Each structure stands twice: as C-alpha cells, then as structure tokens.
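Enquirer: Protein sequence lines, in the order shown, are assigned to chains G and C.
Position 45, counted from 1, in the first sequence is what our numbering calls 45; the numbers after and before it change by one each time, with no gaps.
Numbers in our numbering are just positions in the second sequence, counted from 1, shifted up by 112.
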Amino acid sequence: EDQVTQSPEALRLQEGESSSLNCSYTVSGLRGLFWYRQDPGKGPEFLFTLYSAGEEKEKERLKATLTKKESFLHITAPKPEDSATYLCAVQAPHTGGFKTIFGAGTRLFVKA
Amino acid sequence: SAVISQKPSRDICQRGTSLTIQCQVDSQVTMMFWYRQQPGQSLTLIATANQGSEATYESGFVIDKFPISRPNLTFSTLTVSNMSPEDSSIYLCSVGSSYEQYFGPGTRLTVT
C-alpha cells in the first residue's frame with residue numbers, strides 16, 4: 001500500500017536554528033515527490049517537486065533532497081515567518097492517470 | 113502556475129441538507145481533484161474529475177454522497193449531499209500534472 005510518513009509531528013525552533021524535516025515513503029512507481037507549505041486556513045502552497053534519488057532543490061531558506069526511501073526538507077536559519085505546516089506528498093500511477101498521497105505534515109514553530 | 117478560486121469560502125449547514133462547492137481555474141486543465149482535510153488532519157483525495165468522463169472516486173467515497181460535475185476545462189463542482197456533522201471539514205479543489213499541483217483556498221464546511 002502506498003504510504004507517506006512525516007516526522008516529527010511538530011518542531012519548535014529558535015530563530016536561526018537550522019533543522020530538517022523527514023518524509024519516508026512507500027510507493028509503487030514513484031512519479032514525483034512534492035513538498036508543500038500550508039498556513040492556517042489556507043490551501044497548500046507548492047514548494048518543490050523531486051523526481052529521482054540524489055536530486056536537490058532550493059528555495060530561499062529551504063532545501064529539499066530525495067533518496068530512494070525518503071526526502072528531507074532542510075531549513076537553514078529559519079525565521080518566524082517560516083512557521084507553518086509542511087506537507088510531503090508522493091505521486092503514483094492510478095486509474096485514469098495519477099494520484100497524490102499526502103503525509104500528515106510537520107507543524108513548524110519558529111520563535112523570535 | 114494556476115490560480116484557483118472556490119465558492120463559498122465557508123458555510124454553516126444543517127444536517128440533512130446539501131451544499132455545492134464551485135471551483136474555477138484561470139487556465140484550461142485536464143485533471144482536477146477534490147480533497148477533504150478534516151480538522152488537524154492531512155489531505156485525503158475524494159475523487160479525480162477529468163473533463164468529458166465520469167469522476168473516479170477513492171475508496172470510502174461514493175458518487176451518491178459526493179456527486180461531481182466537470183462541464184468544461186476550467187470549472188468543476190463538488191456537492192456534499194445529505195450532510196452530517198462528520199462531513200464538517202475543509203474541501204479543497206486542486207489541479208496538477210506530474211510536475212506540480214496547485215490548490216484552491218478551500219471551503220470550510222461546518223454541519224450542525
């Protein structure tokens with residue numbers, strides 16, 4: 001069964017304290033792995049898509065990496081405005097095209 | 113990227129009634145998705161709606177409860193029928209491809 005597990009569930013950081021979020025996945029035929037940011041009361045905001053092991057992508061203070069079994073979202077010198085829930089999702093073949101399976105998310109709190 | 117709008121943004125409904133949620137995209141897209149996000153939970157795919165064909169529902173979701181229309185390449189509706197308090201959730205419209213997936217702002221539904 002396709003599955004996505006994110007850890008930790010919640011992470012509290014001081015401003016400037018770098019850390020990583022983990023996303024472990026099991027999927028038949030990975031088409032892509034996505035990272036999203038979700039603020040309270042809003043829809044998820046697309047951040048990255050990774051396709052193959054060894055791939056890395058960066059955006060401001062965020063860097064996403066991918067292996068055959070997991071992905072990491074590294075946050076360098078976070079600021080309070082980085083506080084949000086970060087969602088990981090995998091895309092797999094499905095009837096009619098594809099489907100996207102989401103993890104439960106990591107709630108990040110960055111304190112000034 | 114795609115810009116997605118949803119109507120209504122929120123609603124409070126009585127048990128046993130139905131609500132239709134509209135999703136409008138600023139560009140033509142083949143695949144549209146409807147998700148549910150229950151309080152404190154991640155996203156669960158309800159169905160995939162391709163223009164010109166019947167929607168494909170995920171396990172646990174049925175057409176009688178969540179009928180979907182997809183009349184053209186920029187618009188879709190999701191109806192939540194015969195509502196119960198357990199249907200209280202955020203409903204999200206999404207469009208995407210293998211490269212990226214975008215979400216609307218969501219419709220927050222409360223059933224009393």
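Where is the CB? At the ideal position from N, CA and C, for every residue including glycine.
Predicted model only: the values in this text are computed from it and were never measured.
In or out: I175 (chain C) buried (at least 16 other Cβ within 10 Å) or exposed?
Expert: Classification for I175 (chain C): exposed.
Enquirer: Can a CB atom of chain G be found closer than 8 Å to the CB of G164 (chain C)?
Expert: No, because no Cβ of chain G sits closer than 8 Å to the Cβ of G164 (chain C).
Enquirer: Does the beta carbon of P44 (chain G) sit closer than 8 Å to a beta carbon anywhere in chain C?
Expert: Yes, because at least one Cβ of chain C sits closer than 8 Å to the Cβ of P44 (chain G).
Enquirer: In terms of alpha-carbon separation, which member of C:S113, C:K177 and C:Q153 lies closest to S196 (chain C)?
Expert: For S196 (chain C), the nearest C-alpha among the options comes from C:K177.
Enquirer: Counting only C-beta atoms, is E79 (chain G) closer than 8 Å to chain C at any point?
Expert: As written in the sequence, residue 79 (chain G) is Lys, which differs from the Glu given in the question. No, K79 (chain G) lies away from the interface with chain C (no Cβ there is under 8 Å from its Cβ).
Enquirer: Who are the Cβ neighbours of K119 (chain C) in its own chain at under 6 Å, not counting the five residues just before and after it?
Expert: Closer than 6 Å at the Cβ level, and outside the excluded window around K119 (chain C), lie Q134.
Enquirer: Using a Cβ-Cβ cutoff of 7 Å, what residues of the stretch 27-51 of chain G are near chain C? List them in chain order.
Expert: Flagged, chain order: R31, G32, F34, K42, G43, P44, F46 and T49.
Enquirer: With distance defined between alpha-carbon atoms, name the residue in G:P93, G:G29 and G:A77 nearest to K68 (chain G).
Expert: With distances taken between Cα atoms, K68 (chain G) lies closest to G:G29.
Enquirer: If distances are taken between C-alpha atoms only, which option among C:A167, C:D123 and C:S117 comes closest to L221 (chain C)?
Expert: Here the closest residue by C-alpha is C:D123.
Enquirer: In angstroms, rounded to a whole number, what distance separates the CA positions of G218 (chain C) and K59 (chain G)?
Expert: Taking the straight line from one Cα to the other gives about 25 Å.
Enquirer: Can you list the residues of chain C that G54 (chain G) reaches, using a CB-CB cut of under 9 Å?
Expert: Within 9 Å Cβ-Cβ: nothing; G54 (chain G) doesn't reach chain C, min ~18 Å.
Enquirer: What residue from G:T26, G:L87 and G:K99 has the CA that sits closest to L47 (chain G)'s CA?
Expert: Answer by Cα proximity: G:L87.
Enquirer: Hey, out of C:S209, C:S200, C:Q163 and C:L204, whose CA is closest to P151 (chain C)'s CA?
Expert: Among C:S209, C:S200, C:Q163 and C:L204, the Cα nearest to that of P151 (chain C) is on C:S200.
Enquirer: Along the beta strand (DSSP E) that carries N22 (chain G), what are the first and last residues, could you check?
Expert: S19 to T26 is the extent of the beta strand (DSSP E) around N22 (chain G).
Enquirer: From N162 (chain C) to A112 (chain G), what distance separates their C-alpha atoms?
Expert: Whole-angstrom Cα-Cα distance: 46 Å.
Enquirer: Kindly list, in the order they appear in chain G, the residues whose Cβ is closer than 9 Å to that of G218 (chain C).
Expert: By Cβ distance, chain G contributes G41, K42 and G43.
Enquirer: Mapping the DSSP letters down to three states, classify P78 (chain G) as helix, strand or coil.
Expert: Here P78 (chain G) sits in coil by DSSP.
Enquirer: Look at the alpha carbon of M143 (chain C) and the alpha carbon of Q136 (chain C), and state the distance between them as a whole number of angstroms.
Expert: Each residue's alpha carbon lies about 13 Å from the other.
Enquirer: Does any C-beta atom of chain C lie closer than 8 Å to the C-beta of C99 (chain G)?
Expert: Inspection of the sequence shows that residue 99 (chain G) is occupied by Lys rather than by Cys. Answer yes: the Cβ-Cβ gap between K99 (chain G) and chain C drops below 8 Å somewhere.
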